[in-house]
Amino acid sequence: MINVTVWGENRHEQLEPAVAERYPTGMHGAVAEGIEANLGEAVTVRTATLDDPEHGLTEEVLRGTDVLTWWGHAAHDEVSDEVVERVQRHVLAGMGLIVLHSGHWSKVFTRLMGTSCTLRWRSEHDRELLWTVDPTHPIAQGVPHPMVIEEDEMYGEFFDIPTPDELVFISSFSGGEVFRSGCTFKRGFGKIFYFRPGDQDFPTYFHSGVRKVISNAVEWAVTVRPERTAPVLLRYDTEDFYNGHGYEGALDPDKQEAQQ
Numbered sequence: 001m002i003n004v005t006v007w008g009e010n011r012h013e014q015l016e017p018a019v020a021e022r023y024p025t026g027m028h029g030a031v032a033e034g035i036e037a038n039l040g041e042a043v044t045v046r047t048a049t050l051d052d053p054e055h056g057l058t059e060e061v062l063r064g065t066d067v068l069t070w071w072g073h074a075a076h077d078e079v080s081d082e083v084v085e086r087v088q089r090h091v092l093a094g095m096g097l098i099v100l101h102s103g104h105w106s107k108v109f110t111r112l113m114g115t116s117c118t119l120r121w122r123s124e125h126d127r128e129l130l131w132t133v134d135p136t137h138p139i140a141q142g143v144p145h146p147m148v149i150e151e152d153e154m155y156g157e158f159f160d161i162p163t164p165d166e167l168v169f170i171s172s173f174s175g176g177e178v179f180r181s182g183c184t185f186k187r188g189f190g191k192i193f194y195f196r197p198g199d200q201d202f203p204t205y206f207h208s209g210v211r212k213v214i215s216n217a218v219e220w221a222v223t224v225r226p227e228r229t230a231p232v233l234l235r236y237d238t239e240d241f242y243n244g245h246g247y248e249g250a251l252d253p254d255k256q257e258a259q260q
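Heads up, the sequence shown is in the UniProt record's numbering, so the first residue is 1 and it goes up one at a time.
In structure tokens form, the structure reads like this:
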């Protein structure tokens, strides 16, 4: 069983009637419904939003989350730094993270990438073609090549991210722009997938192909380890490969005492 938490900012849905009509259960609701429809009894899915206490991402919630999906746009700056640090810590310890569309500029993603994550964009009802560049990748299975999204926001290069560990999809748009739209990364013990499609102005999260990609990514992003633990710095004695010792500082404490 994969435990999934779908996080959504949920501001457009509250403030813009057209978005609320387009996504009656919220964008996070549409993402959650797509995962449940594709993966069925293999998953349990909960949702969380910005206005929940601790943004719905308490230590207990994250400890019980195998994969977290993230969509934000208008209120990146309102996300608590404490919660961002908590999410980052869990990713490094093995929680999967799927960052969707404008989540590219979230505090969580920019911190994990270490770059500005900026890009070029336009919202003018462009047609998007999503091309599979790695047909053997688990996230690409069952996805049309190309996937046609009749209307969506345009994202174009240059996309200021580190070179992806794997490039699964690229997109092309009506204006000729191209974009690295499906990228994987590893940070610590955690797997990250960035997926471009999905804007509040278009019903993209009801698209069967988009839902398939997100669901495939949920299955891929699970880290298989006996328990969730963060990478730690340990000292190992010569020929002792198994019993690491905790870090005691870079300076010899006896020599420090002698200098005092």
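Using N, Cα and C, we set each Cβ at its ideal position, and we do this for glycine too. Note that the structure is a prediction, hence the values are computed from the model and not measured.
Contact annotation: residue 173 and residue 119 have beta-carbon atoms that are not nearer than 8 Å. Using a C-beta cut-off of 8 Å, the region 211-226 makes no contact with the region 73-92, since fewer than three inter-stretch Cβ pairs fall below that distance. For residue 106 and residue 114, the gap between their C-alpha atoms comes out near 12 Å.
Under the three-state reduction of DSSP, residue 157 is assigned to coil, being neither helix nor strand. Counting only the Cα atoms, residue 240 lies some 14 Å from residue 246. Excluding five sequence positions before and after residue 200, the CB atoms of its chain that fall closer than 6 Å to its own CB belong to 12, 19, given in chain order. Excluding sequence positions up to five before and after residue 207, its CB lies within less than 7 Å of the CB of 149, all in the same chain and listed in chain order. Contact between residue 95 and residue 190 holds, since their C-beta atoms are separated by about 6 Å, short of 8 Å.
For residue 49 against residue 5, the beta-carbon gap comes to about 11 Å, at or over 8 Å, which does not count as contact.
For the beta strand (DSSP E) assignment, the uninterrupted runs of no fewer than 3 residues enclosed by the region 49-127 are, from N- to C-terminal side, 67-71, 96-100. For residue 139, there is no enclosing alpha helix (DSSP H), as DSSP marks it with neither H nor E. The C-alpha of residue 36 is placed about 26 Å away from the C-alpha of residue 17. Residue 34 and residue 233 have their C-alpha atoms roughly 40 Å apart. For residue 177, there is no enclosing alpha helix (DSSP H), since its DSSP letter is neither H nor E. Just so you know, the alpha carbons of residue 210 and residue 178 end up roughly 18 Å apart. Here the C-alpha atom of residue 163 lies approximately 26 Å from the C-alpha atom of residue 79.
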